[in-house]
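Report on the following structure.
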Amino acid sequence: AQSVTQLGSHVSVSEGALVLLRCNYSSSVPPYLFWYVQYPNQGLQLLLKYTTGATLVKGINGFEAEFKKSETSFHLTKPSAHMSDAAEYFCAVSGGGATNKLIFGTGTLLAVQP
Amino acid sequence: NAGVTQTPKFQVLKTGQSMTLQCAQDMNHEYMSWYRQDPGMGLRLIHYSVGAGITDQGEVPNGYNVSRSTTEDFPLRLLSAAPSQTSVYFCASSSQNGSPLHFGNGTRLTVT
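Keeping their order, the protein sequence lines are chains A and B. Quick note, in my numbering, the first sequence goes up one by one and the last residue is 115. Quick note, in my numbering, the second sequence goes up one by one and the last residue is 530.
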């Protein structure tokens, strides 16, 4: 079984500051990990994904995440926040097998202050 | 490409009414799934399908039925709506296991 924990339901940063959104996962099999972003009244959009290979993955809009197996973590970072980054961010895990069931975390709402 | 199309965008039902949320994708994806999104709870998987004729239950299947007669369509049926089913519903599809999900824009359902 898989599960995801996102620490901090609300995160606020100043424009230009580092963004760090935390995600820890639990999986009985090698995980596939994803970060999605949701803007108000829209569906979810993929930011980045980790399946195998390089543990530091780069995504869209300057975001990146590092898979750390020893810490069971997949934290999302961006060096410099922009006002347009204000949105809700979801971490998700897929445990492989014959299906593609994503298990989502409860989300982190990112606010960017001018 | 239209991607994943959900209809309707908004719906209000009375308790006990039935309805079908429609989902269609034009990407020839084998995998399709339905999620509901509630404040503070993230997205929870209702039902999913790995191909036409094959469906299975997710985390919160009670009160919902699905069928998959074609690759393109994956409707979600509420047989007798309850206020607890007030939520935003998202349909998603992907090409294969581990591939990213493509989401529709959601259906906002209110049950009074």
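Note that the Cβ used here is the ideal one computed from N, Cα and C, for glycine as well.
Residue 33 of chain A beta carbon near the ligand GDP (any heavy atom closer than 7 Å): The ligand GDP is absent from the structure shown, which contains no ligand whatsoever.
Contact with chain B by residue 47 of chain A, beta-carbon distance below 8 Å: Between residue 47 of chain A and chain B, the shortest Cβ-Cβ separation is below 8 Å.
Chain-ordered neighbours of residue 108 of chain A on chain B, where CB pairs are closer than 7 Å: 460
Cβ shell of residue 440 of chain B (< 6 Å), same chain only, five flanking positions each side left out: 425, 493
Short CB-CB distance (under 8 Å) between residue 1 of chain A and chain B: Because chain A in this structure spans residues 2 to 115, residue 1 of chain A falls outside the shown range and cannot be described.
Among A:20, A:84, A:13, A:33, the one whose alpha carbon lies nearest that of residue 69 of chain A: A:33
C-alpha distance - residue 499 of chain B paired with residue 431 of chain B, whole-angstrom precision: 7 Å
Residue 99 of chain A versus residue 527 of chain B: straight-line alpha-carbon distance, rounded: In this prediction, residue 99 of chain A has a pLDDT of 48, which is less than 50 and means its spatial position is unreliable; what the coordinates show is noted afterwards. Residue 99 of chain A and residue 527 of chain B: Cα-Cα distance of roughly 31 Å.
Partners in chain B for residue 33 of chain A, counting only beta-carbon separations shorter than 7 Å: Correct list: 516.
Contact set for residue 73 of chain A: own chain, Cβ-Cβ below 6 Å, skip 5 residues either direction: Closer than 6 Å at the Cβ level, and outside the excluded window around residue 73 of chain A, lie 25, 26.
Distance between residue 88 of chain A and residue 112 of chain A (C-alpha atoms, nearest Å): 7 Å
Min CB distance residue 54 of chain A to chain B below 8 Å: no
Unbroken beta strand (DSSP E) run spanning residue 448 of chain B, endpoints: Careful: residue 448 of chain B lies outside any beta strand (DSSP E) and carries neither H nor E.
Chain A residues whose Cβ lies nearer than 7 Å to that of residue 521 of chain B: 44, 45
Neighbourhood of residue 423 of chain B by C-beta, 7 Å cutoff - its chain only, sequence neighbours within 5 removed: 442, 522
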